[in-house]
Each structure stands twice: as structure tokens, then as C-alpha cells.
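Residues in the sequence shown are numbered consecutively from 13, following this note's numbering.
Report on the following structure.
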Amino acid sequence: MRSLRCVLMTVLLAMCGLASGPALAESLNGSSQHLMMTLVAESDHPKAGAPLTIALATTPEKGWHGYWRNPGDAGFPATFDWTLPAGAKAGEPEWPVPTTLLIAGLMNYVYEAPYAPLVTIQVPAGLAAGTKFPIRLKTSYLVCSATICVPEEKALSLDLTIGDGAPSQAATFAGWRQAIPKPLDAGATYAASNGMMRIAIPFPAGAKADKAYFFPVTTGAIENGAAQAVTRDGDRLTISTKVAANAKVGGPIDGVLRIGDGQGLSVKATSGVVGGATGTDASSSADGESLWLTALIAFAGAVLGGLILNIMPCVFPILSLKALSLARGGASEKDARGEALAYTAGVVLVCLGLGAAILALRAGGSAVGWAFQLQHPAAIVVLLLLSAAIAFNLAGLFEVPTPRFASESGASGAFATGALAAFIATPCTGPFMGAALGAALVLPWPAALAVFGGLGIGLSLPFLAIGFIPSWRRWLPKPGVWMETFRHILSVPMFLTAIALGWVLGRQTGADTLTLALIAVLAVGVVLWIGGTRQRKGKAFGVVAQILLLAVFVGSAVLIARAPPVSAKVATAGDEAFTEARLASLRAEKRPVFVYFTADWCLTCKVNEKAAIDTASVRDAFAKHKVAALIGDWTDGDPVMGRFIQAHNRAGVPLYLYYAPGAAEPTVLPQVLTPGLLEGLGA
Numbered sequence: 013m014r015s016l017r018c019v020l021m022t023v024l025l026a027m028c029g030l031a032s033g034p035a036l037a038e039s040l041n042g043s044s045q046h047l048m049m050t051l052v053a054e055s056d057h058p059k060a061g062a063p064l065t066i067a068l069a070t071t072p073e074k075g076w077h078g079y080w081r082n083p084g085d086a087g088f089p090a091t092f093d094w095t096l097p098a099g100a101k102a103g104e105p106e107w108p109v110p111t112t113l114l115i116a117g118l119m120n121y122v123y124e125a126p127y128a129p130l131v132t133i134q135v136p137a138g139l140a141a142g143t144k145f146p147i148r149l150k151t152s153y154l155v156c157s158a159t160i161c162v163p164e165e166k167a168l169s170l171d172l173t174i175g176d177g178a179p180s181q182a183a184t185f186a187g188w189r190q191a192i193p194k195p196l197d198a199g200a201t202y203a204a205s206n207g208m209m210r211i212a213i214p215f216p217a218g219a220k221a222d223k224a225y226f227f228p229v230t231t232g233a234i235e236n237g238a239a240q241a242v243t244r245d246g247d248r249l250t251i252s253t254k255v256a257a258n259a260k261v262g263g264p265i266d267g268v269l270r271i272g273d274g275q276g277l278s279v280k281a282t283s284g285v286v287g288g289a290t291g292t293d294a295s296s297s298a299d300g301e302s303l304w305l306t307a308l309i310a311f312a313g314a315v316l317g318g319l320i321l322n323i324m325p326c327v328f329p330i331l332s333l334k335a336l337s338l339a340r341g342g343a344s345e346k347d348a349r350g351e352a353l354a355y356t357a358g359v360v361l362v363c364l365g366l367g368a369a370i371l372a373l374r375a376g377g378s379a380v381g382w383a384f385q386l387q388h389p390a391a392i393v394v395l396l397l398l399s400a401a402i403a404f405n406l407a408g409l410f411e412v413p414t415p416r417f418a419s420e421s422g423a424s425g426a427f428a429t430g431a432l433a434a435f436i437a438t439p440c441t442g443p444f445m446g447a448a449l450g451a452a453l454v455l456p457w458p459a460a461l462a463v464f465g466g467l468g469i470g471l472s473l474p475f476l477a478i479g480f481i482p483s484w485r486r487w488l489p490k491p492g493v494w495m496e497t498f499r500h501i502l503s504v505p506m507f508l509t510a511i512a513l514g515w516v517l518g519r520q521t522g523a524d525t526l527t528l529a530l531i532a533v534l535a536v537g538v539v540l541w542i543g544g545t546r547q548r549k550g551k552a553f554g555v556v557a558q559i560l561l562l563a564v565f566v567g568s569a570v571l572i573a574r575a576p577p578v579s580a581k582v583a584t585a586g587d588e589a590f591t592e593a594r595l596a597s598l599r600a601e602k603r604p605v606f607v608y609f610t611a612d613w614c615l616t617c618k619v620n621e622k623a624a625i626d627t628a629s630v631r632d633a634f635a636k637h638k639v640a641a642l643i644g645d646w647t648d649g650d651p652v653m654g655r656f657i658q659a660h661n662r663a664g665v666p667l668y669l670y671y672a673p674g675a676a677e678p679t680v681l682p683q684v685l686t687p688g689l690l691e692g693l694g695a
């Protein structure tokens, strides 16, 4: 009924235009000024074989308006008939963000101020410099005032000459491009039930959304004239409105989200989970099932990712020693299970604590993710000193003092060891972790915490299995002198971890701060040597030594926290530093783009860069296929970059994206890269 009303209104408006003979006559003879139009080329001398952007600069007469690509409840969109030189091809128009105009209950999507749709024309290759390149356009459109609508036609022309492609009106086109909706690379979701449509759009909590409104490109999905309720929940903006009569939902819904005057995001929403204010959507049982399925998959991924963390150089020594301690101590079945549970509790509680901190900071508008504490030099120096202390212990410099209350069962020691393993593991990410933790950020907080808990369970699984499966303990080597040698060998990866953390600290704060940290490491070594000497004489480690250790840890963290950051680092390997503006520019040029987000403290990132990204074969392939590479350095936790990462449902780095020419959304590449995978990009 509503659509029939719209059709009748459009016909009546057109008939009103036909009844006004003078206005129609002006339109047909080309002298109408209701919409003043001019073709403008970004370059007066387009380059052969390159894309050329053409603007249809349009200025409505005062009191009149033109229509958007989806006119709304009345009107009809403009049509474009291009006449171009042989081999040239015009793309679909890119429309600026429109405004709303409600007349007699009908919602119209219009332009009442000057606007400029942009069209990309592919100039054929092989044209010699100086060759004429004429462009002709015949366009038909509807232009309306408050009382009358007039169908008009215009014939426009533009004569160019093939040349070097240098921009002729760069500043003007930059302003026009600002009004074109930017692509939202993260996918939106919608759910429809009981006559209502809810569209959840990823949008950073700290970003401003003024006069937010969803303009549907897909017609017949929502009721155009219905009110739209806009709510924000963390890094998500939700539009609630009425479903269109006789709408067939299920397929994707395209649209534009207005986030300010003349600013918008291009959105593609698919049917899926849309949480409510508490992260749930009680209006649809199917949504509830999808939510639980998403949470279950994320939980499984977190468990698997945590399990893989055990082979990282910062965790493996701790796990190995703890496992061998069961074999050496000859613990009973009860004690073995108790230690395994205590170790698991320590790991899981630390992971839950980090997860709760991430969710709380994000709810407050901060763009943080996994290992967010490593963006702060004070946390790095604490980890550095802790890694050095563990390495000194493994090397035999001293023995860890054991509290008396732990001497019988060892449960408290196992708990502390588990907590230490989880905390030391934070610089590491691996396969399955990125997607799982990214999913946690869009789940309701109880499900999100369950995912972080799953990471802890995966990290503790090997020791849990050793504690509960006696046959696994029997597979462990028999105790002997070799264990001391093995322990010394395990100090090597811990020393390497400390060195890596020192490198990260130097990159973040400079050589002066790194020197201070090395002095602190030396002080820790001296104190531990003194305590170890006392231990070898049969005495206790010493309260004074423990107080000195605490003073070194706290004092160095406070001093380094006050150190100024170093100047911005230059991207390596000739790659450009990532900015959203540069990415948009490269995509507008239809170039393939590889974007990688990294951090100095991310071990997986650095391995991928050395083993795949920075190899000669990959760089040669990038040059051959003209793949632009952008590097996003997130070492210092840049909030703008953090929101971009979160928009791709990732909780941190690494994140690897490939933008194929003309593709609406990027391909998210695996977290473990190979040269063969990258060499195929752009081919």
C-alpha cells in the first residue's frame, strides 16, 4: 500500500510538472536553471591507461532540490548516458551524503545545496600524448520544489587532451571527496522481527556521530518515513526502525550512515546477531542461537590459541620446569591434581583480569586490545626485570624463596607459577587468538570474559593434563643430574625474551631509558647473586634482599614511566606509514593494497615480517603487481589506529588486510604468513 502511494505521488508530481508548460519548455530546450550542472575533470590532461575522476558539479536553484541514488518515497533517480572515446569506460557514480526531506508523510532523500557525484572513467592505454579525449553525457533527472516537480534533461560535454595526468583541481576534488561516504571495512549486521529492523554498525566508542541517520541504498528493506532510534553500546552504533511493508529480508542491506553534516560511511549489513543494551537480543530466538554459536566458536579458538602459546620462548621454560618438578618431587596423585588445579587457577584468573581490564577500558572509550599494557614503558620494564630474574634463576644464580605455607602441598607455588606464566605470555599472539579475542570484543561481557577464560584454560591445559593423567607423568624423563643442565639451557630463551623486551623499550623511549633499564637489570642481578650466595651457605634469601628487589622494580618503573617518548619511527622496507586517508587514496586509484599492523612487542609480527613480508621474493612480487604496502605501527597504542583494528573485529596485532582493486571489503589474511601467500596478492 505504501509503495503504491509512493508511485501515485510520483506520477502526480510529474503530471503537475507537465501541467506547467513554461517550466517544462525551459527544461526541454536546455535553458532551465533548476539544477545547474557542469562536468569537471580532476585532470585536464588524463594519462593513458589510468583512471580519471569526473565530477558532475551541481547547484540547485534556491527552493529546488535534486535526488539521491535512492530518491526515497517519491521521485526517481538520475540516469546517465555516456558517450566516450573507444575503449573508455565509465563506472557507477559515487554519490555524496544526502539530506532528508519529509513532505506529506513521504520521506525523500535529496540535495538542496551544491553537490557533486563523482564518476571514474578508465582511460584506455595506448593513446599518444596530445590525443583529443572528448566526453559527452546526457542525463535525465527529476528536480522539485515544495509545490512542483519537473523532469529535466541535460547534454553536457568536456573536451580533454591526453597528457601526464597531473591534477588540475586537486583542492576542489579533495573537498568533493570528503562528502562521499567512506567504506566501512568492518561488516554490519541486522535483525528483523515483529515489524522492527535493528542494524548494528561497528563504530568506535570515542568517535563522534552527529545527526546519525541510516539512508538505505537497498530499497524495500526499511520504512523510509519511519523514525530512526539511534543507540550506542561501546564500539557499536545501532539503528532501530520499522521494516518496510512486504519486505523480504535475509539478503544484504546496503546503505549510508550519516555521522555528521556531509559526512558518512558506506555500510553493508548482513543478517546476523544484533545485541541489545546488555548485549543480547531477546526479540529473536535465532539471534540468540547465533550469539551462543559465535561465543562457542570464539571460546574454542581461544582455548586452541592458548594451547599454542605454551611453545613460545617466554612460556615454555616455565611450563617445562613446572612439569619436571612433579617428576622430581614424586608427588602423590592428590598433590599432583592439586598443583595442576592451582596452576590453572593462576593462569585463568590473570587472563580474566586482563580481559576485564580490556572490556572496562573499551567501555570508557579507549581503543585497547590484547597486550595493551605493553604500550606503556613502565609495564615493559617490569616484564623485562621479571624475565631477567627468571633467567638468572634458571641459570642457577639463586633459588626462588618458597613460603612455609606452601611447603606441604605446593599449591600456592603452583598458583603463583601459573599467574606468572600468563602474565609473561602477554607479548605473544598466535593462530586462532586474533579472531577469538576479536569476537570477544563484540560479545556480551559474560561471554567475552568466558573467551578470555578459555585462553587461560588453553594455556594451562598441558600442565593440567600432566597433573590428572598419571601415564603422562610416567612419560617424563626420570630425575637426574641432566635436569640441572636442562634448567640452564632453559635460561637461554628467557634471556632472549629479556633482550627482546629491552629492544622494545629502547624503540619506545630511546637509548637513555634503555640504559636505565639495563642498570636496573644489573642491580637485580647483583641482589639475586647476594641472595643466592646466602642460600648456598644454607641461609634464607634474606628480607633485605627482597626489599631491595622490590625497590628496584618499583623505582625503575616509576622513572621510566616519566620518560618522554621517542619521535615517530620511520616505516621499514620502504613501506608507507598507514593512515586511513592514504588507504582511501590508494583504493581510489584502484591499486591493490596490503596493510599490515604490527608492534615492536609482538613476537608473531616480527617473525612474519622477517620470514615473509620483508623477503626479496615478496617485494619483487609486490613491485611486479604494483601492490602498495602500508605499515601500521601500533607499538605505542595509537587510539585512531586501535579503532581501525577493532573495526575489523580484532583485539590487537598482528592484523593483515588485502584490498583487491574494486573490492568492497578487504580480505583478512591469516596471522601466520608465508611468502607464497603474499606473492599471490595482486596477481
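All C-beta atoms, glycine included, are put in the ideal place defined by N, C-alpha and C.
The structure presented is a predicted model; accordingly, all values stated were derived computationally and were not measured.
Original post:
Three-state secondary structure (DSSP) at residue 662?
Top reply: In the structure shown, the three-state DSSP call for residue 662 is coil.
**OP:** Could you pull out every residue in the same chain whose Cβ sits closer than 6 Å to the Cβ of residue 252, ignoring the five residues on either side in sequence?
**Re:** Within the same chain, and ignoring the five residues on either side of residue 252 in sequence, the residues whose Cβ sits closer than 6 Å to its Cβ are 210, 241.
Original post:
Just checking, does the stretch 85 to 98 make contact with the stretch 179 to 188 on the three C-beta pairs under 8 Å criterion?
Top reply: Touching, no, given that fewer than three Cβ pairs across the two stretches are closer than 8 Å.
Original post:
Taking the Cβ atom as the reference point for each residue, do residue 153 and residue 121 lie within a distance shorter than 9 Å?
Top reply: Contact flag unset, no.
Original post:
Taking DSSP as the reference, what is the three-state secondary structure of residue 653?
Top reply: Secondary structure at residue 653: helix, using DSSP grouped into helix, strand and coil.
**OP:** Under 7 Å Cβ to Cβ from residue 114, same chain only, skipping five residues before and after it: list those, please.
**Re:** Within the same chain, residue 114 has close Cβ partners 237.
Original post:
Quick one: Cα of residue 105 to Cα of residue 129, how far?
Top reply: When the Cα atoms are used, residue 105 and residue 129 turn out to be separated by approximately 6 Å.
Original post:
What residue from 534, 648, 271 has the CA that sits closest to residue 244's CA?
Top reply: For the set 534, 648, 271, the Cα lying nearest the Cα of residue 244 is the one of 271.
Subject >> Residue closest to residue 367, alpha-carbon to alpha-carbon, out of 402, 314, 350 >> reply: The residue from 402, 314, 350 with its alpha-carbon nearest to that of residue 367 is 314.
Subject >> Buried or exposed by the 16-neighbour rule on C-beta atoms within 10 Å, applied to residue 299 >> reply: Low confidence applies to residue 299: its pLDDT is 44, below 50, so where it sits in the model is not reliable, and the reading given next is rough at best. Under this definition residue 299 is a buried residue.
**OP:** Say whether the stretch 260 to 279 touches the stretch 196 to 207, bearing in mind that this needs 3 or more beta-carbon pairs closer than 8 Å, one atom from each stretch.
**Re:** These segments touch.
Original post:
DSSP beta-bridge partners for residue 169?
Top reply: Bridge partners of residue 169: 148.
**OP:** Have a look at the DSSP bridge pairing and note the partners of residue 732.
**Re:** Residue 732 lies beyond the stretch modelled for the chain, which goes from 13 to 695, so this question has no answer here.
Original post:
How big is the Cα-Cα spacing for residue 329 and residue 550?
Top reply: Distance between the alpha carbons of residue 329 and residue 550: 27 Å.
Subject >> Buried versus exposed call for residue 531 [16 or more other C-beta atoms within 10 Å across all chains shown] >> reply: Under this definition residue 531 is an exposed residue.
Subject >> Assigned secondary structure, residue 77 (DSSP; H/G/I helix, E/B strand, else coil) >> reply: In the structure shown, residue 77 adopts extended strand secondary structure according to DSSP, grouped into three states.
Subject >> Start and end residues, beta strand (DSSP E) containing residue 627 >> reply: For residue 627, there is no enclosing beta strand (DSSP E), as DSSP marks it with neither H nor E.
Original post:
Who are the Cβ neighbours of residue 22 in its own chain at under 7 Å, not counting the five residues just before and after it?
Top reply: Summary for residue 22: the model assigns pLDDT 44, below 50, so the residue's position carries little reliability; its value from the coordinates is reported in the next sentence. So the qualifying residues of the chain are 86, 87, 88.
**OP:** Provide the residue span of the alpha helix (DSSP H) that contains residue 558, from first to last.
**Re:** Where residue 558 is concerned, the enclosing alpha helix (DSSP H) starts and stops at 555 to 573.
Subject >> Per-residue burial, residue 681 [other beta carbons within 10 Å of its own, 16 or more giving buried] >> reply: Around the CB of residue 681, 16 or more other CB atoms lie within 10 Å, so the residue is classed as buried.
**OP:** Return the CA-CA distance between residue 544 and residue 219, expressed in angstroms with no decimal places.
**Re:** Looking at the two C-alpha atoms, the distance is approximately 54 Å.
Original post:
According to DSSP, is residue 85 helix, strand or coil?
Top reply: Residue 85 carries a coil assignment under DSSP once its states are collapsed to helix, strand and coil.
**OP:** Mark residue 82 as exposed unless 16 or more other C-beta atoms lie within 10 angstroms of its C-beta, in which case mark it buried.
**Re:** Note on residue 82: 16 or more other CB atoms within 10 angstroms of its CB, so buried under the neighbour-count rule.
Subject >> Proximity to residue 331 [Cα-Cα], best of 404, 286, 477 >> reply: That would be 477, whose Cα lies nearest to the Cα of residue 331.
Subject >> Supposed close pair residue 536, residue 400 - CB separation, criterion 8 Å >> reply: Sure, about 6 Å apart at Cβ, within 8 Å.
**OP:** Kindly confirm or deny that the stretch 467 to 474 and the stretch 310 to 324 touch, where touching means at least three C-beta pairs closer than 8 Å.
**Re:** Flag = yes, the stretch 467 to 474 and the stretch 310 to 324 touch.
Original post:
Considering only residues of the same chain and omitting the five flanking positions on each side of residue 202, which have a CB-CB separation below 8 Å?
Top reply: Excluding sequence neighbours, residue 202 sits near 209, 210, 211, 212, 261, 265, 281, 282, 283, 284, 286.
**OP:** Just mark residue 621 as buried or exposed, buried being the case when its beta carbon has 16 or more other beta carbons within 10 Å.
**Re:** Around the beta carbon of residue 621, 16 or more other beta carbons lie within 10 angstroms, which makes this residue buried.
Subject >> Span separating the alpha-carbon of residue 230 from that of residue 507 >> reply: If I take the Cα positions, the gap works out to 58 Å.
**OP:** Indicate the three-state DSSP secondary structure (helix, strand or coil) for residue 551 in the structure shown.
**Re:** It is coil, neither helix nor strand.
Original post:
For residue 254, which beta-bridge partners are listed by DSSP?
Top reply: Its beta-bridge partners are 208.
Original post:
Does DSSP classify residue 322 as helix, strand or coil?
Top reply: Of the three classes helix, strand and coil, the one that applies to residue 322 here is coil, per DSSP.
**OP:** Could you tell me which of 546, 558, 90 sits nearest to residue 164, measuring between CA atoms?
**Re:** Looking from the CA of residue 164, the closest CA among 546, 558, 90 belongs to 90.
Subject >> Same chain only: Cβ atoms within 8 Å of residue 588, ignoring 5 sequence neighbours per side >> reply: Counting only Cβ-Cβ distances below 8 Å, and skipping sequence neighbours, we find 594, 640, 641, 642, 643.
Subject >> For residue 190, the three-state DSSP class (helix, strand or coil) >> reply: In the three-state scheme derived from DSSP, where H, G and I count as helix and E and B as strand, residue 190 is classed as helix.
Subject >> Beta-carbon proximity check, residue 355 vs residue 480, cutoff 9 Å >> reply: Not in contact: residue 355 and residue 480 (Cβ atoms no closer than 9 Å).
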